[in-house]
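S.K.: Supplied in structure tokens, the structure appears directly below.
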Amino acid sequence: AHFFQSGWTGVNECTFIAVKPDGVQRKMVGEIVRRFEKKGFKLVGLKLVQASEDLLRDHYWSLRSKPFFSKLITYMSSGPVVAMVWRGLDVVKTARKMLGETNPADSLPGTIRGNYCVEMGRNVIHGSDSVESAQKEISLWFHQSELNRWEDCGSQWIYN
Ligand code: GDP
Ligand code: MG
Numbered sequence: 016a017h018f019f020q021s022g023w024t025g026v027n028e029c030t031f032i033a034v035k036p037d038g039v040q041r042k043m044v045g046e047i048v049r050r051f052e053k054k055g056f057k058l059v060g061l062k063l064v065q066a067s068e069d070l071l072r073d074h075y076w077s078l079r080s081k082p083f084f085s086k087l088i089t090y091m092s093s094g095p096v097v098a099m100v101w102r103g104l105d106v107v108k109t110a111r112k113m114l115g116e117t118n119p120a121d122s123l124p125g126t127i128r129g130n131y132c133v134e135m136g137r138n139v140i141h142g143s144d145s146v147e148s149a150q151k152e153i154s155l156w157f158h159q160s161e162l163n164r165w166e167d168c169g170s171q172w173i174y175n
């Protein structure tokens, strides 16, 4: 069994987060990393990548029949994205709350999409929608060797 896919539960739950091309262009990378760090989640992987259309079609496979699919692939391949893996208790669900709704107009102020964008087709950030999706997405975007195992010296002040 692969180390990073065994025991991805509890405090070891992982999610896949990506700053989309508009987020990179708009200099949102630092702000987004800051929010996840300050929340208490642990950074396990991070890279700047120009995603291929093949990768993006796999990533968004479940949306392949949607009318906006080809625009979505064009948007997501329009520049580099910052792909990240974050780990922590309930990180998948919590990250979705930190992101806001798919449509920025429905996102509460204070959330990333609520604060920093206007349209669905330029909504700055991606986050996995379930633990199962997270596992698929992490294995799609990252090689095992790119996921780092390290001791977080602050963890005893985050978990009781
Ligand atoms: P997410 O999980 O909140 O990102 O939303 P989905 O998985 O449903 O959709 C993936 C991405 O496709 C969204 O983040 C948007 O960028 C885009 N998207 C979703 N729905 C629409 C839509 O109705 N119109 C457009 N233009 N883009 C959409
Ligand atoms: Mg989604």
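Numbering (the numbering used here), first residue to last: 16 to 175. Glycine included, C-beta positions come from ideal geometry on N, C-alpha and C.
1. With respect to 7 Å, is the separation between the Cβ of ASP144 and the closest non-hydrogen atom of the ligand MG below this value?
2. Please confirm whether any heavy atom of the ligand GDP lies closer than 7 Å to the CB of ASN27.
3. So, for VAL133: in the same chain, excluding its five sequence neighbours on each side, which residues have a beta-carbon less than 8 Å away from its beta-carbon?
4. Should GLU166 go down as buried or exposed, given a rule of 16 or more other Cβ atoms within 10 Å for buried?
5. Can you have a look at PRO36 and say buried or exposed, based on whether 16 or more other CB atoms are within 10 angstroms of its CB?
6. Which term fits LYS81, buried or exposed, when burial requires 16 or more other beta carbons within 10 angstroms of its beta carbon?
7. Enumerate in chain order the residues of its own chain whose CB-to-CB distance from HIS141 is below 7 Å, with the five nearest sequence positions on each side excluded.
8. As an exercise, report each continuous alpha helix (DSSP H) stretch of at least 4 residues that is fully enclosed by the stretch 107-141, in chain order.
9. Following the continuous beta strand (DSSP E) through ILE32, name the residue where it begins and the one where it ends.
10. Near VAL106, what residues of its chain come up, given a Cβ to Cβ distance below 8 Å and the 5 sequence neighbours on each side ignored?
11. Would you say LEU87 touches the ligand GDP, meaning its beta carbon is less than 7 Å from a heavy atom?
M.R.: Let me lay it out:
1. Short note on ASP144: C-beta closer than 7 Å to some heavy atom of the ligand MG.
2. Flag unset: Cβ of ASN27 not near the ligand GDP.
3. Cβ-Cβ distances below 8 Å link VAL133 to PRO119 and ALA120 in the same chain, with the five nearest sequence neighbours on each side left out; the list follows chain order.
4. By the C-beta density criterion, GLU166 is exposed, having fewer than 16 other C-beta atoms within 10 angstroms.
5. By the 10 Å Cβ count, PRO36 comes out buried.
6. Looking at its Cβ environment, which holds fewer than 16 other Cβ atoms inside 10 Å, LYS81 is exposed.
7. If the five residues before and after HIS141 are omitted, its C-beta is found closer than 7 Å to the C-beta atoms of ILE32, ALA33 and LYS35, all from its own chain and listed in chain order.
8. The qualifying runs are 127-131.
9. That run of the beta strand (DSSP E) goes 29-34.
10. Only GLU28, CYS29, THR30 and PHE56 meet the Cβ criterion.
11. Correct: LEU87 has its Cβ closer than 7 Å to the ligand GDP.
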